[in-house]
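**Student:**
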Amino acid sequence: MSKHMIDEDALVFKAKSNVEGIITEVFEHNSEHKALVVYDSRCLLSRVLGEAYAQAMPDAICVDFDTKEPEEVMEVLATLDALDFVVLVQSTSFRLDAFRIRVELFKRKIK
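So the sequence shown is numbered by the working numbering: it starts at 11 and just counts up by one.
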């Protein structure tokens, strides 16, 4: 094995321990509210973080942005209520026409 080979599972394991603290301590998220992880798999970092968040929140809805139509992503976002939690892990920007995801989530008081 080359010393340049990357062990993605080891990176996910390490990232999971870090994102668990972010989820609970920073955002004070718990299982009383829904969680959504929207990610892409275009680069190592987005794959690792997307999987780490998915493992840290096993009840979360996980959406691979690159495998869904924008309308499908919008439908999932529409099911969220105030104080629900959304994680956007992206290597580039998620384009949903004129919809500005972060602004709309903020307006709806979604973490």
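Note that beta-carbon positions come from the ideal geometry of N, C-alpha and C, so glycine has one too.
Owing to the predicted nature of the structure, the values given are computational and were not obtained by experimental measurement.
#1: Compute the Euclidean distance between the alpha carbons of Ile-111 and Ile-16, then round it to the nearest angstrom.
#2: Tell me the DSSP secondary structure of Ala-45 in three-state form.
#3: Out of Ala-88, Lys-44, Arg-57, which has the shortest C-alpha to C-alpha gap to Glu-18?
#4: So, Ala-45 versus Phe-95, is the Cβ gap smaller than 8 Å?
#5: Between the Cα of Ile-71 and those of His-43, Leu-54, Cys-53, spot the shortest distance and give me the residue it belongs to.
#6: Around the C-beta of Asp-76, are 16 or more other C-beta atoms found within 10 angstroms, so that it is buried, or is it exposed?
**Tutor:** Here's the rundown:
#1: Counted from its first residue, the sequence shown places residue 111 at position 101. Counted from its first residue, the sequence shown places residue 16 at position 6. Each residue's Cα considered, the two are about 32 Å apart.
#2: Indexing the sequence shown from 1 puts residue 45 at position 35. Looking at Ala-45 - three-state DSSP - the assignment turns out to be strand.
#3: Start at 1 with the first residue of the sequence shown, and residue 18 comes out as number 8. Checked all of Ala-88, Lys-44, Arg-57; the closest Cα to Glu-18 is Arg-57.
#4: Within the sequence shown, the letter at position 35 stands for residue 45. Within the sequence shown, the letter at position 85 stands for residue 95. Result yes, Cβ atoms of Ala-45 and Phe-95 sit closer than 8 Å.
#5: If you number the sequence shown from 1, residue 71 lands on position 61. Relative to Ile-71, the option among His-43, Leu-54, Cys-53 whose CA is nearest is His-43.
#6: As a working note, residue 76 is residue 66 in the sequence shown. Burial is judged here by how many other beta carbons sit within 10 angstroms of a residue's own beta carbon; Asp-76 has fewer than 16 and is exposed.
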